[in-house]
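K.L.:
For the sequence shown, this note's numbering begins at 145 and goes up steadily by one.
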Amino acid sequence: MANAQYVLAFDVGGTKLAAAVFGLDHRRLGKVQSLPAMAKQRPTVTLMNLKRVGEQARKEAGVEGQPLAVGMGSPGPLDTKNGRLLAVDNLPNLAGFDMAGFIQQEFGAPLYMENDANCFALGEAMQGAGRGKPIVVGVTLGTGFGCGIVMDGKILTGVSDNAGEVAYCPVSGGTFDQMLSGGGVQRFYTRITGKEAPAAKEIGEMAEQGDADALETWRYYGEAVGTALGTIAAILDPSIVVLGGSVARRLPLFREPLERKLRAILAPPAAEKIEVAAAQLDNVAGVAGAAEHALQHLPVGQLR
Numbered sequence: 145m146a147n148a149q150y151v152l153a154f155d156v157g158g159t160k161l162a163a164a165v166f167g168l169d170h171r172r173l174g175k176v177q178s179l180p181a182m183a184k185q186r187p188t189v190t191l192m193n194l195k196r197v198g199e200q201a202r203k204e205a206g207v208e209g210q211p212l213a214v215g216m217g218s219p220g221p222l223d224t225k226n227g228r229l230l231a232v233d234n235l236p237n238l239a240g241f242d243m244a245g246f247i248q249q250e251f252g253a254p255l256y257m258e259n260d261a262n263c264f265a266l267g268e269a270m271q272g273a274g275r276g277k278p279i280v281v282g283v284t285l286g287t288g289f290g291c292g293i294v295m296d297g298k299i300l301t302g303v304s305d306n307a308g309e310v311a312y313c314p315v316s317g318g319t320f321d322q323m324l325s326g327g328g329v330q331r332f333y334t335r336i337t338g339k340e341a342p343a344a345k346e347i348g349e350m351a352e353q354g355d356a357d358a359l360e361t362w363r364y365y366g367e368a369v370g371t372a373l374g375t376i377a378a379i380l381d382p383s384i385v386v387l388g389g390s391v392a393r394r395l396p397l398f399r400e401p402l403e404r405k406l407r408a409i410l411a412p413p414a415a416e417k418i419e420v421a422a423a424q425l426d427n428v429a430g431v432a433g434a435a436e437h438a439l440q441h442l443p444v445g446q447l448r
């Protein structure tokens, strides 16, 4: 395995940095490795951990030598053509940083960078719940709201690399990012009860124990998510919408109102055919999508 050809994939976030090695057959070699991002520290601290986690992933996979390419999913906005992070809110210490140059220097390979939601969608489309589907919408519900679109196995980026950037579109008295994230669950709880809301995780636990206010909260939240996804689906007519992220782990609490609202918005044939599914790859989707993105950019002669 030491001389195997491979790609190295990173999933970069404000809290943690994850990495894994993938072979040219798209299989992951070993477990995903992770280290804290240390985003409030000096840039050199975050970059040291990025290098370390990449080395740990190569050691875990038992590979040596340079990767053929490096894939990376990161919060946006990004300059994907030049491999730079722009004004990234949860990685402020790396704003404007030449990540492509750093990767070339440390790993000796070209960098192919994409938005983290796009990588999530691509990972699920190629290796997870959306495998074999022609149009896949991947949505992350967590600290924020993310959306990626994959058509025929390729990320739809749009003319400005901003396709799927719907976080600031309006829904239920706020934006997608405000109302469909964990913070949105809290906002709905406060609307219903007039009380200060606990964390979304706690509201989920309360609902699972039968708390009426918590159950009502998740109903309202599900309707808001369904409204948002219905709007997206009405335009794209996707085969499947795949939901991931920490809030999506509570999908059983809000699936029914979500699907009811979603299907009510769509034309009957679309409403009948569309699927809604929980992510299958969990925390691996981001690195899997980053790897797939890198593999798609390799010259055909290297893919054997």
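By construction, the Cβ of each residue, glycine as well, lies at the ideal position given by its N, Cα and C atoms.
By a C-beta neighbour count over all protein chains shown, 10 Å radius and 16 as the cutoff for buried, is Y312 buried or exposed?
P.N.:
Against the sequence shown, residue 312 aligns to sequence position 168. Y312 should be labelled exposed.
K.L.:
Span of the beta strand (DSSP E) holding T284?
P.N.:
If you number the sequence shown from 1, residue 284 lands on position 140. Per DSSP, T284 belongs to the beta strand (DSSP E) from 279-285.
K.L.:
Do the stretch 353-369 and the stretch 322-329 make contact, defined as three or more Cβ pairs closer than 8 Å?
P.N.:
The stretch 353-369 vs the stretch 322-329: in contact.
K.L.:
Quick check: G227 and M192, are their CB atoms within less than 8 Å of each other?
P.N.:
The residue you call residue 227 lines up with position 83 of the sequence shown. The residue you call residue 192 lines up with position 48 of the sequence shown. Not in contact: G227 and M192 (Cβ atoms no closer than 8 Å).
K.L.:
With C-beta atoms as the reference, is A286 less than 8 Å away from F264?
P.N.:
Within the sequence shown, the letter at position 142 stands for residue 286. Within the sequence shown, the letter at position 120 stands for residue 264. Reading off the sequence shown, one finds Gly at residue 286, where the question assumed Ala. Not closer than 8 Å, so no.
K.L.:
How about R186 and N237: do their beta carbons lie closer than 8 Å?
P.N.:
By one-based count along the sequence shown, residue 186 stands at place 42. By one-based count along the sequence shown, residue 237 stands at place 93. Their beta carbons are under 8 Å apart, which means R186 touches N237 by this criterion.
K.L.:
Look up P180 in the DSSP assignment and say whether it is helix, strand or coil.
P.N.:
Counting from 1 along the sequence shown, the entry for residue 180 is found at position 36. If DSSP states are grouped into helix, strand and coil, P180 belongs with the strands.
K.L.:
Take K405 and list the residues in its own chain whose beta-carbon comes closer than 7 Å to its own, dropping the five residues that flank it on each side.
P.N.:
Taking the sequence shown and counting its residues from 1, the one referred to as residue 405 is at position 261. Cβ neighbours of K405 beyond the five flanking positions: E367, G370, T371, G374.
K.L.:
Over what stretch of residues does the alpha helix (DSSP H) that includes L397 continue unbroken?
P.N.:
The residue you call residue 397 lines up with position 253 of the sequence shown. Taken as a continuous stretch (DSSP letters only), the alpha helix (DSSP H) holding L397 covers 395-409.
K.L.:
Candidates D355, L410, L235, G272: which alpha carbon is nearest I336's?
P.N.:
Indexing the sequence shown from 1 puts residue 336 at position 192. When only C-alpha atoms are compared, the closest one is D355.
K.L.:
Return the residue from the list A421, D357, A378 that minimises the CA-CA distance to G388.
P.N.:
Position 244 of the sequence shown, counted from the start, is the residue given in the question as residue 388. For G388, the nearest C-alpha among the options comes from A421.
K.L.:
Closer than 8 Å, CB to CB, is A273 near chain B or not?
P.N.:
No chain B appears in this structure, which consists of one protein chain only.
K.L.:
To the nearest whole angstrom, what separates the beta carbons of L229 and A239, a pair I think is in contact under 8 Å?
P.N.:
Residue 229 sits at position 85 when you count from the first residue of the sequence shown. Residue 239 sits at position 95 when you count from the first residue of the sequence shown. Contact flag correct, Cβ pair sits at about 6 Å.
K.L.:
Taking F289 as part of the beta strand (DSSP E), name the residues at either end of that continuous run.
P.N.:
Along the sequence shown, read from residue 1 onward, the residue named residue 289 stands at position 145. 289-295 is the span of the beta strand (DSSP E), which, as asked, contains F289.
K.L.:
Return the first residue and the last residue of the alpha helix (DSSP H) that L439 is part of.
P.N.:
Residue numbering aside, residue 439 sits at position 295 when the sequence shown is read from its first letter. Taken as a continuous stretch (DSSP letters only), the alpha helix (DSSP H) holding L439 covers 429-440.
K.L.:
If I'm right that A162 touches V431 with Cβ under 8 Å, what's the distance once you round it to whole angstroms?
P.N.:
Here residue 162 is taken as the residue at index 18 of the sequence shown, counted from 1. Here residue 431 is taken as the residue at index 287 of the sequence shown, counted from 1. Contact flag correct, Cβ pair sits at about 6 Å.
K.L.:
From A181 to G215, what does the alpha carbon distance come to, in whole angstroms?
P.N.:
Reading the sequence shown from its first residue, position 37 is the one you call residue 181. Reading the sequence shown from its first residue, position 71 is the one you call residue 215. Going from the Cα of A181 to the Cα of G215 covers about 17 Å.
K.L.:
Note the first and the last residue of the continuous alpha helix (DSSP H) segment covering F166.
P.N.:
Within the sequence shown, the letter at position 22 stands for residue 166. Here F166 belongs to no alpha helix (DSSP H); instead the beta strand (DSSP E) covers 160-167.
K.L.:
Out of H441, A392, Q149, A408, point me to the one whose CA is closest to S325's CA.
P.N.:
For the purposes of this step, residue 325 is identified with residue 181 of the sequence shown, where counting begins at 1. With distances taken between Cα atoms, S325 lies closest to A392.
K.L.:
Just the C-alpha distance for L380 and A269, rounded to the nearest angstrom, thanks.
P.N.:
Numbered from 1 along the sequence shown, position 236 holds the residue referred to as residue 380. Numbered from 1 along the sequence shown, position 125 holds the residue referred to as residue 269. Answer to the nearest angstrom: the Cα atoms are 15 Å apart.
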